[in-house]
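Working notes for the structure below.
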Amino acid sequence: MLHQKPSVAWQISSRPRLRKWIAFATYLDGLNDAQVDRIITSLNSIRSNPFPRTDKIKKIKGKKGNYYRPRIGKIRVFYFIENTEIAVLRILSKKDAEKYISRLE
7 MLHQKPSVAW QISSRPRLRK WIAFATYLDG LNDAQVDRII TSLNSIRSNP
57 FPRTDKIKKI KGKKGNYYRP RIGKIRVFYF IENTEIAVLR ILSKKDAEKY
107 ISRLE
């Protein structure tokens with residue numbers, strides 16, 4: 007009998023939850039509909055495969071933990087993977103991304 011590997015149900019969240027989601031909503035509010043749609047599509051893609059092999063998603067080097075950064079035009083979404091949780095940390099412009107990376111633990 008063949009045993010199938012159980013599928014993992016990935017959950018996307020933010021940390022700390024409420025404050026970050028308000029910040030995300032405020033940031034997204036300043037973007038046009040096409041940019042917001044691209045971010046949502048990217049997050050849905052990450053939910054189905056948080057470890058993709060693509061040049062648009064990079065693991066952040068030199069940091070402890072599983073930090074990743076997908077590139078969505080001039081926008082960067084930072085997320086951290088822990089167990090089956092994908093924690094969205096920040097959505098930033100390309101300009102602010104380098105400063106944020108230097109502050110990650």
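Under the working numbering, think of the first position of the sequence shown as 7, with each following residue one higher. Where is the CB? At the ideal position from N, CA and C, for every residue including glycine.
Inset, instruction - Provide the residue(s) that pair with SER99 in DSSP beta bridges, ordered along the chain. - result: ILE81
Inset, instruction - May I ask which residues mark the beginning and end of the alpha helix (DSSP H) holding ILE52? - result: 39–54
Legend entry - For LYS105, three-class secondary structure by DSSP: helix
Inset, instruction - Closer than 7 Å by C-beta to GLY71: which residues in its own chain qualify, once you throw out the five before and the five after it? Chain order, please. - result: PHE86
Inset, instruction - Look at the alpha carbon of ALA103 and the alpha carbon of LEU37, and state the distance between them as a whole number of angstroms. - result: 17 Å
Inset, instruction - Label ILE46 either buried or exposed according to how many other C-beta atoms from any shown protein chain fall within 10 Å of its C-beta, with 16 as the threshold for buried. - result: exposed
Inset, instruction - Over the uninterrupted beta strand (DSSP E) stretch that includes LYS69, give me the two end residues. - result: Where LYS69 is concerned, there is no enclosing beta strand (DSSP E), given that its DSSP letter is neither H nor E.
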